[in-house]
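K.L.:
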Amino acid sequence: MRSPLVAPLLLSLLLAAGSNATGEEVDRRPNFVLMMVDDLGIGDVGCYGNDTIRTPNIDRLASDGVKLTQHIAAAPLCTPSRVAFMTGRYALRSGMGSTGHVQVLLFLGGSGGLPPSENTFAKRLQQRGYTTGLVGKWHLGVNCEHRGDHCHHPNQHGFSYFYGLPFTLFNDCVPGEGSDILAGLQHTLRNMIIILGVGLFTLACVRVCGLLEVSLWLLVALFFLTILATAVWYVPFKLLPTWNCIIMRNQEVIEQPMTVETLPQRLLGEAQNFIKKNVDSPFLLFFSLAHIHTPLFKTPAFAGKSNHGRYGDNLEEVDWIIGKLTETVDSLGLANNTLMYFTSDHGGHLEDADSITGQKGGWNSIYKGGKAMGGWEGGIRVPGIFRWPGRLAAGRVVDEPTSLMDLYPTLKYLAKDTQPDRHLDGYNLMPLLEGKVERSEHEFMFHYCGIYLNAVRWHPPGNDSVFKVHFFTPNFSPPGAGGCYDTKICQCHGEHVTHHNPPLLYDIFHDPSESHPLTPDTEPRYAEILEQIAKAVERHRSTLTDQQTSDDTHSHTNADVLGVQSQMTWDKIIWRPWLQPCCGTFPFCGCTEDTAHI
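What follows is the structure, encoded as structure tokens:
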């Protein structure tokens, strides 16, 4: 006779087995390691044609996985490009497109940044049970209304853990490297102070010597005006290393100003530790390197080892870092369940060079233009490598147009996130990466510089050609140069650009260097191409505005964008003391991270 305890026992065992199976199924969800280099040119890497800089670890990722040859950043500068990357949407949808001279966030003490209402792939994966981490550069804002509200902070955008630079690495962080922040305004303020000081001294001497009758109140007013002008210049600009060059762990400032020399090792160590701590559960790591933005590092182990000066040394250090992180994934047995991705936020900075260091910006191969140029291919075509052993075929090359914005829907798909979302501009890449389809879903792709539509590419169905029109192009300086060397960086507006009507037209499949514009005489489909692209622009703009679109194809205003407040106005960008992250009591901010364990 069967015991009455047998049935309940069997039921319990079945339920337990079912529970374990469910748990194993959840744990089999893939991990994601996303690696983004800052300002890396597509021509800097061996697997993209560079045979003079050694990048064996990055090259191995490509040979073990899938290499994208037409991988496009949604913007030519870091702040808007990274917004688009993390949200799957063009930056102006988030209010992160600029209308004028300043196209990136300039101060940690500003109030602009990625709006709290925006979705990121980290938020979506966090909701799916992933542990999410960001190690490295953020540069999308920190506070909104007061110090410590952290409304733009990575922790508020889906990253469970953050260690790194809430701003970015820039020249002001290293003594002797000059200043990147509003250098023209600093020069004007400094000259104003000199003029005021000389004027005050002269009038005081005239009064003392009795040469003229000078009002004491005038001298007092000039004195206080000089003090005010000095404060406006000195406090926000001369103390920039303290204000912007900081390291945070989650919402705590742990080093201010930061020690740049040990930064690469610290970032790598944090990334490795994050993977090791989360080896038993699904995780997302966004490893956002401080390299290869200037100032360039001088790590002794790599100094003088490359054939391309300090820039080459830095790039070979990047390759070593990528190799160590890949080694960590593989040594923990995670390779077959981890999608690894390598890219850059935009093209290399052509104009960054000096007589002492030489070239400090990247090489964009055969492609025209570079960083800050939203239309020319060199500013937006970047490396794109995916590795996932057992899921993606080794050595596959995809020449179709793809975008950094495609990561958002791709991660959603792999995390089995089927919840409704807002309008996305990216597409799931897995069918293309796995070879299940041959064509990209990006028939049209829109290239912005700030909020201005700079160019559009069209990949017609059933055709190898990729046509691209430029509505405007930057004015290179000096004339005949290949970049904006007089101003050090190109702009998107006003006298800095030349508008084209009809737009310039290229076939970048046959002319990747964009050297030979097509005409009605050389391209039979010329009129049709312009017509199809014009229609695509109208359809695209209908997703941006709730009002009748303007006749000006390349023009938008922030007010046009649906319910989005611009984050890139002067009011949002300027430094405010009460928003400044600080360790200690403001304004006496200062602390050093204990790095004895490194």
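Residue numbering for the sequence shown is 478 to 1075, as defined by the numbering used here. The beta-carbon is built from N, C-alpha and C at its ideal position, and this holds for glycine as well. All values derive from a computational prediction rather than experimental measurement.
Hey, quick one: how far does the beta strand (DSSP E) through ASP876 stretch, first residue to last?
P.N.:
Element bounds for ASP876: 873-880.
K.L.:
Identify the continuous beta strand (DSSP E) that holds ALA932 and give its terminal residues.
P.N.:
Where ALA932 is concerned, the enclosing beta strand (DSSP E) stretches over 929-935.
K.L.:
On the criterion of 16 or more Cβ atoms from any shown chain inside 10 Å, does PRO777 qualify as buried, or is it exposed?
P.N.:
The residue is exposed, with fewer than 16 neighbouring Cβ atoms inside 10 Å.
K.L.:
Classify ALA748 as buried or exposed, calling it buried when 16 or more other Cβ atoms lie within 10 Å of its own Cβ.
P.N.:
Result: buried.
K.L.:
If GLU1070 and ILE723 are in contact, beta carbons under 8 Å, what's the gap, nearest whole angstrom?
P.N.:
Actually they are not in contact, since the Cβ atoms of GLU1070 and ILE723 sit about 10 Å apart, beyond 8 Å.
K.L.:
With H, G and I counted as helix, E and B as strand and the rest as coil, what does DSSP make of LEU811?
P.N.:
In the structure shown, LEU811 sits in coil (DSSP, three-state: anything other than H, G, I, E or B).
K.L.:
Can you tell me whether LEU717 is buried or exposed, with buried defined as 16 or more other CB within 10 angstroms of its CB?
P.N.:
The residue in question, LEU717, is buried, as its Cβ has 16 or more Cβ neighbours within 10 Å.
K.L.:
Please report the Cβ distance between HIS993 and PHE948, rounded to the nearest whole angstrom; I am assuming they are in contact, meaning their Cβ atoms lie under 8 Å.
P.N.:
About 19 Å; that fails the 8 Å criterion.
K.L.:
Thinking C-beta only, is PRO878 closer than 7 Å to LEU901?
P.N.:
For LEU901 and PRO878, no; Cβs fall outside 7 Å.
K.L.:
Quick one: which unbroken alpha helix (DSSP H) runs of 4-plus residues sit fully inside the segment 722-784? Chain order, please.
P.N.:
Runs found: 740-754.
K.L.:
Inspect the beta-carbon positions of ILE519 and SER842 and report whether they are closer than 7 Å.
P.N.:
It is a contact, given that the beta carbons lie within the stated cut-off.
K.L.:
Figure out for me which residue from LEU995, LEU981, ASP831 has the closest Cα to the Cα of GLY653.
P.N.:
The option with the nearest alpha carbon to GLY653 is ASP831.
K.L.:
Spatial neighbours of TRP710 within its chain, please: C-beta separation below 7 Å, excluding the five flanking residues on both sides.
P.N.:
So the qualifying residues of the chain are GLN663, LEU666, ARG667, ILE670.
K.L.:
Within its chain, find whatever has a CB closer than 6 Å to the CB of GLY1154; leave out the 5 residues flanking it on each side and keep chain order.
P.N.:
As displayed, the chain neither begins before 478 nor continues past 1075, which places residue 1154 out of reach and without an answer.
K.L.:
Does the beta-carbon of ASN813 have 16 or more other beta-carbons within 10 angstroms, so that it is buried, or is it exposed?
P.N.:
With fewer than 16 other Cβ atoms within 10 Å, it is exposed.
K.L.:
Extract the residue ranges of the beta strand (DSSP E) inside the segment 577-622, only unbroken runs of 3 or more that lie entirely within it.
P.N.:
Entirely contained in the segment 577-622, the beta strand (DSSP E) runs reaching 3 residues are, in chain order, 608-614.
K.L.:
Within 10 angstroms of its Cβ, does TRP935 collect 16 or more other Cβ (buried), or is it exposed?
P.N.:
Buried, by the Cβ-count rule.
K.L.:
According to DSSP, simplified to helix, strand and coil, what is HIS1017?
P.N.:
The answer is helix: DSSP assigns HIS1017 an H, G or I state.
K.L.:
For ALA552, count neighbouring Cβ atoms within 10 angstroms of its own Cβ and tell me buried if that reaches 16, exposed if not.
P.N.:
Buried, since its Cβ has 16 or more Cβ neighbours within 10 Å.
K.L.:
With DSSP collapsed to three states, give me the class of MET512.
P.N.:
It is a strand residue.
K.L.:
Put PHE562 into one of helix, strand or coil per three-state DSSP.
P.N.:
Three-state DSSP puts PHE562 in a helix.
K.L.:
Would a C-beta distance cut-off of 7 Å place PRO593 and TRP615 closer than the cut-off?
P.N.:
It is not a contact, given that the beta carbons lie outside the stated cut-off.
K.L.:
In the segment 898-978, which residue ranges form an unbroken alpha helix (DSSP H) of at least 4 residues, counting only runs that do not cross its ends?
P.N.:
Listed in chain order, they are 907-910.
K.L.:
Under a Cβ-count criterion, where at least 16 other Cβ atoms within 10 Å of its own Cβ denotes burial, should GLY613 be classed as buried or exposed?
P.N.:
Burial call: buried.
K.L.:
Helix, strand or coil for LEU545, going by three-state DSSP, please let me know.
P.N.:
Here LEU545 sits in strand by DSSP.
K.L.:
Sort LEU545, GLY781, ILE799 by Cα distance to VAL1088 and report the nearest one.
P.N.:
What is shown of the chain runs 478 to 1075, which leaves residue 1088 out entirely.
K.L.:
In the DSSP assignment, find the unbroken alpha helix (DSSP H) run with LEU659 in it and report its ends.
P.N.:
It is not in any alpha helix (DSSP H) - LEU659 carries neither H nor E in the DSSP assignment.
K.L.:
In the DSSP assignment, the alpha helix (DSSP H) including GLY855 goes from what residue to what residue?
P.N.:
Segment 854-857, the alpha helix (DSSP H) holding GLY855.
K.L.:
Using the beta-carbon count (16 or more within 10 Å), is ASP876 buried or exposed?
P.N.:
Exposed, because fewer than 16 other Cβ atoms sit within 10 Å of the Cβ of ASP876.
K.L.:
Between VAL579 and ILE1006, is the Cβ-Cβ spacing less than 7 Å?
P.N.:
No; because the gap between Cβ atoms is not below 7 Å, this pair is not in contact.
K.L.:
Measure from the alpha carbon of HIS623 to the alpha carbon of each residue in PHE863, THR1072, PHE1063, GLY1067, then state which is nearest.
P.N.:
Selected option, being the one with the closest Cα: PHE1063.
K.L.:
Taking C-alpha atoms, which residue in ASP796, CYS555, PRO980 lies nearest to ARG531?
P.N.:
Among ASP796, CYS555, PRO980, the Cα nearest to that of ARG531 belongs to ASP796.
K.L.:
Out of GLY959, VAL543, GLY939, PHE921, state which residue places its alpha-carbon closest to the alpha-carbon of VAL946.
P.N.:
Measuring from the Cα of VAL946, the nearest candidate turns out to be PHE921.
K.L.:
In the DSSP assignment, find the unbroken alpha helix (DSSP H) run with LEU888 in it and report its ends.
P.N.:
First-last of the alpha helix (DSSP H) with LEU888: 884-891.
K.L.:
Taking only the alpha-carbon atoms, compute the straight-line gap between TYR640 and VAL1014 and give it to the nearest angstrom.
P.N.:
Near 40 Å, if we compare the C-alpha coordinates of VAL1014 and TYR640.
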